[in-house]
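S.K.: All residue numbers for the sequence shown refer to my numbering, where the first residue is 46 and numbers rise by one. All residues carry an ideal CB built from backbone N, CA and C; glycine is no exception. Pasting a structure here, questions to come.
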Amino acid sequence: MINKDFLTIDDFNTDDATVLVRVDLNSPMDPDGNILDDMRIRSHLITLKDLENSKVVLLAHQSRPGKNDFTTMRAHALRMSSYLGRTVKYVDDIFGSHARSSISSMRKGDVILLENVRFNSEEMLKRSASEHAQTHMVQQLSPLCDIFLNDAFAVSHRAQLSILGFTETLPSGAGRVMEKEVISLDKGIKGGGAPCIFVLGGAKVDDSLKVAENVLSNGNADRVLLTGIVGNVMLSASGVDIGKVNIDFIKSQGYIDLIENGKKLIDKFNGRIGLPMDAALNDNGNRIEVPVDELSKNDLPVYDIGLETIVKFTKEIENAKTVVLNGPAGVSEIDAFALGTHEIIRSAARSEFSIIGGGHISAEVINMGLENSFSHLSTGGGACIDYLAGEKLPGIEALKDAALRYKRSTH
Ligand code: 3PG
46 MINKDFLTID DFNTDDATVL VRVDLNSPMD PDGNILDDMR IRSHLITLKD LENSKVVLLA
106 HQSRPGKNDF TTMRAHALRM SSYLGRTVKY VDDIFGSHAR SSISSMRKGD VILLENVRFN
166 SEEMLKRSAS EHAQTHMVQQ LSPLCDIFLN DAFAVSHRAQ LSILGFTETL PSGAGRVMEK
226 EVISLDKGIK GGGAPCIFVL GGAKVDDSLK VAENVLSNGN ADRVLLTGIV GNVMLSASGV
286 DIGKVNIDFI KSQGYIDLIE NGKKLIDKFN GRIGLPMDAA LNDNGNRIEV PVDELSKNDL
346 PVYDIGLETI VKFTKEIENA KTVVLNGPAG VSEIDAFALG THEIIRSAAR SEFSIIGGGH
406 ISAEVINMGL ENSFSHLSTG GGACIDYLAG EKLPGIEALK DAALRYKRST H
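As structure tokens, then:
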């Protein structure tokens with residue numbers, strides 16, 4: 046056991062045991078249900094390999110209620126089977142009689158993947174571990190399992206049912222992905238030199254603003270550069286008219302109220318937050334570059350940062366000793382709008398210590414063949430930056446509590 050605060054697979058006898066493993070298989074999917082990037086699915090193979098002699102029950106989620114890619118785990122099971130070389134049986138039930146009988150009839154070496162845990166309306170409620178432990182899901186599944194492993198580092202910043210509930214009812218520890226993340230990110234926090242720059246993009250504006258505030262307050266970052274939708278929200282907060290179409294998009298994502306919050310951040314950390322100076326707009330698939338003060342005149346959606354911003358940001362990144370990238374700078378799945386994301390990745394790859402957080406941007410790094418140029422590719426987006434920001438992740442805290450309970454019960 047490397048981290049003495051929580052238990053790992055090495056602390057349990059997993060042979061013949063029924064091991065319930067919370068994994069994070071949340072992947073970008075197209076409207077036809079095809080998985081566009083399977084980095085997360087591949088990441089858990091190290092854990093499954095170490096559980097070859099167990100009966101493994103996987104719990105996972107795909108997306109969030111209300112989103113287009115909120116769907117079943119069928120495709121994930123198929124993809125995982127192809128990598129594992131063994132069948133990962135998809136069971137279209139979470140804790141009902143079909144799920145329970147499927148678990149009861151498992152044999153050593155079997156792996157099943159239960160249905161999307163977020164189909165259960167209680168999954169996403171933010172509650173304590175002991176409250177989650179009282180739910181039907183935990184009460185129905187726990188008696189059928191011997192050990193719980195949390196391998197879902199990427200969702201361990203959420204106080205959700207399948208992350209916390211079983212740590213109260215079963216001997217619990219970390220899977221190999223969780224273990225690796227904590228070791229590597231700890232190295233990042235302690236080992237990275239100054240200046241340290243966080244480059245935050247993507248669509249999770251609430252998470253990014255929280256992290257920006259934390260790392261600027263606690264000194265973990267000297268500067269924060271903002272791109273993507275969070276960049277637009279902050280441009281608006283700084284007084285730039287970003288145009289109706291971009292404001293409407295922010296509203297549709299439920300982030301409009303964050304503009305007020307953004308204003309306070311800009312006042313508080315004046316000069317330590319870098320915002321785009323120009324943007325690339327999507328005009329029927331064509332890339333049109335405009336300075337940010339011309340956004341309202343064009344009223345077209347921002348799909349990337351512009352060239353001037355790319356030059357300024359990449360220069361800053363190259364001069365940093367530690368760089369943390371989270372979230373793409375634009376709609377990087379469309380070639381014409383991938384430039385900002387790609388150039389930021391290339392410049393970060395040249396810095397001394399670099400961490401990539403977030404599935405989408407990690408996928409880009411892998412596609413660009415730059416995987417080995419980074420100190421660590423985290424499977425986590427929000428979880429990775431929360432961890433680096435010095436926040437306690439509920440999923441990890443629950444594992445620590447479970448370790449204390451386990452040690453007390455075995456001594
Ligand atoms: C992620 O993709 O970052 C994790 O799977 C968590 O997903 P969430 O932000 O929908 O909770």
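Is any heavy atom of the ligand 3PG found at a distance shorter than 7 Å from the C-beta of Asn71?
M.R.: yes
S.K.: Please check the pair Phe358 and Leu245, which I expect to be a contact at CB under 8 Å, by giving their CB distance rounded to whole angstroms.
M.R.: Actually they are not in contact, since the Cβ atoms of Phe358 and Leu245 sit about 12 Å apart, beyond 8 Å.
S.K.: How many angstroms separate the CA atom of Phe211 from the CA atom of Asp302?
M.R.: 35 Å
S.K.: Whole angstroms is fine: what's the gap from Met125's alpha carbon to Asp83's?
M.R.: 9 Å
S.K.: According to the neighbour-count rule (16 or more other Cβ atoms, all chains shown, within 10 Å of its Cβ), is Ser454 buried or exposed?
M.R.: That one is exposed.
S.K.: If you reduce the DSSP assignment to three classes, tell me which class Pro439 lands in.
M.R.: helix
S.K.: When DSSP builds the beta bridges, which residues end up paired with Leu326?
M.R.: Ile333 and Val347
S.K.: On the criterion of 16 or more Cβ atoms from any shown chain inside 10 Å, does Ile379 qualify as buried, or is it exposed?
M.R.: exposed
S.K.: If you compare alpha carbons, which of Arg87, Asp61 and Ser229 is closest to Ser150?
M.R.: Asp61
S.K.: Is the closest heavy atom of the ligand 3PG to the C-beta of Val200 under 7 Å?
M.R.: yes
S.K.: Following the continuous beta strand (DSSP E) through Phe314, name the residue where it begins and the one where it ends.
M.R.: No beta strand (DSSP E) contains Phe314, which DSSP labels as neither H nor E.
S.K.: Go ahead and pull the three-state DSSP assignment for Lys249.
M.R.: coil
S.K.: Let's see if you can read the secondary structure: which residues bound the beta strand (DSSP E) around Lys153?
M.R.: Careful: Lys153 lies outside any beta strand (DSSP E) and carries neither H nor E.
S.K.: Look at the alpha carbon of Arg395 and the alpha carbon of Phe382, and state the distance between them as a whole number of angstroms.
M.R.: For Arg395 and Phe382, the distance between alpha carbons rounds to 22 Å.
S.K.: Give me the DSSP bridge partner(s) of Asn371.
M.R.: Leu245 and Gly402
S.K.: Where does His456 sit, in a helix, a strand or coil, going by DSSP?
M.R.: coil
S.K.: Return the chain-ordered ranges of every beta strand (DSSP E) run that is complete within the region 164-230 and spans a minimum of 3 residues.
M.R.: 192-195 and 217-219
S.K.: Hey, is Arg453 close to the ligand 3PG, as in C-beta under 7 Å from one of its heavy atoms?
M.R.: no
S.K.: Quick one: what does DSSP say Met84 is sitting in, helix, strand or coil?
M.R.: Of the three classes helix, strand and coil, the one that applies to Met84 here is helix, per DSSP.
S.K.: Who are the Cβ neighbours of Thr272 in its own chain at under 6 Å, not counting the five residues just before and after it?
M.R.: Gly246, Ile350 and Ala374, listed in sequence order.
S.K.: If you follow the alpha helix (DSSP H) that Tyr432 is part of, which residue opens it and which one closes it?
M.R.: Gly427 to Leu433
S.K.: If you draw a straight line from the alpha carbon of Met46 to that of Leu52, how long is it in whole angstroms?
M.R.: The predicted model places Met46 with a pLDDT of 42, which falls under 50 and marks its position as unreliable; any figure quoted below should be read in that light. Straight through space, the alpha carbons of Leu52 and Met46 are spaced by roughly 7 Å.
S.K.: What separation, rounded to the nearest whole angstrom, lies between the Cα atoms of Asp286 and Leu352?
M.R.: 20 Å
S.K.: If we ignore side chains and look at the alpha-carbon of each, how far apart do Val156 and Val101 end up?
M.R.: 5 Å
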